[in-house]
Amino acid sequence: AGAEVSNFNRVIDINILPSGEYEVVTELGKIIAQHVVNAGGCFSPQVGAMVGSYVPLVNLQHQYLITDNHPDIAALSKELPVTRDSIAASYIRQEGSGFLIGPYETRGSKPWALDGVDWSFDRELFEGDLERLMPWLERCMDIVPLFKEVGISTVINGLITHTPDDNLLVGPAKGLKNFWNLCGASIGIAQGGIGKYLAQWMVHGQTELNMASLDSRRFDKWADKTYCTTRAIESYERMYSFASPNENRPHGRPIRVSPLHTLLSQKGAIHTVNTGYEKPSWFTTDEIRKETLTWAHSEAHDAVLQECSAVQNACGITDISGTAKFRITGKDAFKFLDNLSCNKLPSKDGRIGLTLFHAPKGGIRAEQTISRINKEEFLLMGAIGSEVKDYQWLEWHSDDFDITIENLTESWGGLLLTGPNSREILSQCTQEDLSNNSFSWLSCKTIKIDSAAVFAMRVSYAGELGWELHMPSWQIISIYESLMEMGSSHGLKDFGGQAFNSMRLEKMYRAYGAEFTEEISALEAGMDRFLDLSREFIGSKNIRQRQIDGIKTKLAYLVFDDDIPAECFGNEAVFNGDKLSGIITSGAYGFRVGHSVAFAYLEPNLCKEGVKLNVATSLGNRSCHVSTSAAYDDNNEKLRS
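Per the numbering used here, the very first residue in the sequence shown carries number 630; after that it's consecutive.
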């Protein structure tokens, strides 16, 4: 109520005022706004540029055609169902008494106006190009024979925006307060729902659904024009392709790399990508050089087994440079982080703690491993996929505190050295005392390796004795080579993300973006021991209310009882008998324990030891049971060794 709409009134410029408000300059005058939503469609990059906001999208031409009427269709008593065919890469539906057919050509797609759309453009259509569509239209004729019998009435050729991953760009713009994105839509039925959730975001600071895959801050300026164009074309041309979990699309890559990327590739690393950042997934061997695309166990299964075995029985090393890293300094550093953290911060210098940040409505906003250097200096390690969001969250809540926030993500690299031989290997590279008395579990300090200052953390997400080693990126190659040289006689072996994921799941370790999302709080995630509700922090009031009202879902740890070679990747349905009772968040084969494990959100009454369940996987239903203890080293004896 009370809203005013001004049509045919182009925005010429947007100025950010000292008050934080926006002066929107239009052809008919100026408007002062507390919030601005960039819903500029194909003009969105140019609108964003007015306030220094980068919008990574590409405009591509898309065609569909409408046929003449057919008497057989006119005689039908019911409307034909919408048909989608992956081989024809087309959608087909009834339009009047004819057809509407829209192919997504799998080659030869046409981007348009890569340097920006002229402001005079007013949703004009392009000339139809049926010749370009013929291979896919011929397939449509095989699917729907009546299509051969009708003429073509109209060909529509217009613009559709596409992003590098083909998901919308929604939510806060990087580096700005109250400037929002709602653009990059390549489908025509999402607008109502997306508008609802953006409104929730603007009013409450949180949505009821996990919006991570749509959050516009998943991209940054590393997603340049070449990358965006290459990936957008790929997304368009793969619109109807079914991707297997181990498919590794190469287009536009690499774009963000660790200094170790080339060296690890030469050693057989097969990289996957997260937020543009290349991460080693697994390493080929003399016997295993490639893997087949599949929903079951691939050839990489045996290679990952060897990697996990090395970590368990000797030592493994992996590049963890693709981690978001922030340094907080200043006299209010402790007070600032204490306001964000749901857990008590480390009380002593040189100690490490795990904590969660929550949004005002109580959903998990971030997971951070916090190292206390002293009361005025802390290092935070988090998920690379949430780097921009986490940095912005820290900035947004820093106004009343005397602190400095540094983003070290690109300038620092990292290695994880882990396994029973890790202490012996690291001891040969440093004079630091690495014994438990001097360097205990969950402690941190700066050590010297080959004269380089390295920040060492006695933690291992793999669940073995180990150290994370963080240093300026330019030093990582020499430190890696020194460790490999000293480790050659101790069974040191490279391992990748697949092995890492398997081992963290065996240890019952949760992950941000899978088990932790803004849909749930630490209560639902079973993180009670990391939750201190006796103190105030952002979101604490609403978490207390959830506790009073009773939670509606709870995270459970599942151990599988069969040997079907199909793992859970997320979003698989969980059944209690015939009743749908939950959803998988992540899963993997546990190579050290010899069976599959997974996490799932279930009805709380099912989260009890031994409850039998079934999970729908790509190879059929799998049987499992709920476990309240980790499948591997539940007492953390190996981590403390």
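Just so it is clear, CB atoms sit at the ideal spot from N, CA and C, and this is done for glycine as well.
Minimum C-alpha distance to residue i - residue among the options
i       : options                            : result
Phe637  : Trp748, Gly731, Cys857, Ser1089    : Trp748
Ser1069 : Lys896, Leu1009, Ala1245, Arg1269  : Arg1269
Tyr1230 : Ala668, Arg1251, Asn1200           : Asn1200
Leu1134 : Asn877, Leu657, Ser1256, Ala632    : Ser1256
Tyr1090 : Asn1003, Asp1079, Ile1002, Met1137 : Met1137
Asn877  : Lys908, Trp1096, Lys707            : Lys908
Gly649  : Gly804, Gln723, Phe750, Asp795     : Gly804
Arg980  : Glu1153, Lys1004, Pro764, Cys971   : Lys1004
Gly800  : Gln835, Glu778, Ser815, Thr792     : Gln835
Glu1053 : Ile1212, Trp1022, Ser1118, Ile1105 : Ser1118
Val1240 : His890, Ile1213, Cys1253           : Cys1253
Tyr683  : Arg847, Gln997, Lys707, Glu928     : Arg847
Ile993  : Glu837, Leu1037, Met1010           : Glu837
His930  : Phe808, Ile917, Ala939             : Ile917
Ile957  : Ile1032, Arg1158, Phe1159          : Ile1032
Arg768  : Pro732, Thr855, Ser738             : Pro732
Val711  : Gln723, Ala703, Ala717             : Gln723
Ala662  : Glu633, Asp771, Ser782             : Glu633
Glu756  : Ile946, Leu974, Ile785, Lys919     : Ile785
Thr984  : Lys806, Met1156, Asn942, Gln820    : Met1156
Three-state class that DSSP yields for residue i in the structure shown
i       : result
Trp911  : strand
Met840  : coil
Thr1257 : coil
His930  : helix
Gly670  : helix
Asp967  : helix
Asn942  : helix
Arg626  : The structure shown has nothing for residue 626, since the chain only spans 630 to 1270.
Lys960  : coil
Lys1183 : strand
Glu996  : strand
Ile702  : helix
Leu1162 : coil
Cys812  : strand
Ala742  : coil
Trp851  : coil
Ile1103 : Position check: residue 1103 holds Trp in this sequence, whereas Ile was assumed. Here Trp1103 sits in helix by DSSP.
Arg1269 : helix
Thr1146 : coil
Gln675  : helix
Ile695  : strand
His833  : helix
Ile818  : coil
Leu1304 : As shown, the chain starts at 630 and ends at 1270. That puts residue 1304 outside it, with no answer to give.
Asn1171 : helix
Leu922  : coil
Cross-strand partners of residue i (DSSP beta bridge)
i       : result
Asp747  : DSSP lists no partner for Asp747.
Met1132 : According to DSSP, Met1132 bridges with nothing at all.
Phe755  : None; Phe755 has no bridge partner.
Ser976  : In DSSP, Ser976 forms no bridge with anything.
Cys857  : Its beta-bridge partners do not exist; DSSP assigns none.
Met1115 : Paired residue(s): none; Met1115 is not in a bridge.
Tyr651  : Ile645, Ala662
Phe1189 : Cys1253
Val634  : None; Val634 has no bridge partner.
Glu778  : Beta-bridge pairing links Glu778 to no other residue.
His900  : Pro909
Trp1096 : Leu1046
Asp948  : Leu1044
Leu985  : Glu996
Cβ-Cβ separation, residue j to residue i (assumed contact under 8 Å), whole Å
i       : j       : result
Leu766  : Asp701  : At roughly 19 Å, the Cβ-Cβ gap does not stay under 8 Å, so Leu766 and Asp701 are not in contact.
Phe955  : Leu969  : That pair is no contact at about 12 Å.
Leu1063 : Leu1055 : 6 Å
Gly1116 : Thr1047 : Contact doesn't hold; Cβ gap of about 11 Å is too wide.
Ser1210 : Leu1187 : At roughly 12 Å, the Cβ-Cβ gap does not stay under 8 Å, so Ser1210 and Leu1187 are not in contact.
Asn903  : Ile1013 : 6 Å
Pro793  : Arg860  : 4 Å
Gln1176 : Leu1152 : 6 Å
Glu1286 : Phe1124 : No information on residue 1286 is available, as it lies outside the stretch 630 to 1270 that the chain covers here.
Glu1144 : Ser1215 : 7 Å
Leu743  : Lys854  : 7 Å
Lys659  : Val653  : 7 Å
Within the stretch 1007 to 1087, ranges of the alpha helix (DSSP H) (whole runs, at least 4 residues) = For the stretch 1007 to 1087, whole alpha helix (DSSP H) runs of length 4 or above, ordered along the chain, are 1016 to 1025, 1051 to 1056.
Which residue spans inside the stretch 1199 to 1245 form an unbroken beta strand (DSSP E) run of at least 3?
-> Annotation: the stretch 1199 to 1245 contains the following complete segments of the beta strand (DSSP E) (minimum length 3 residues), in chain order: 1202 to 1205, 1208 to 1219, 1224 to 1231.
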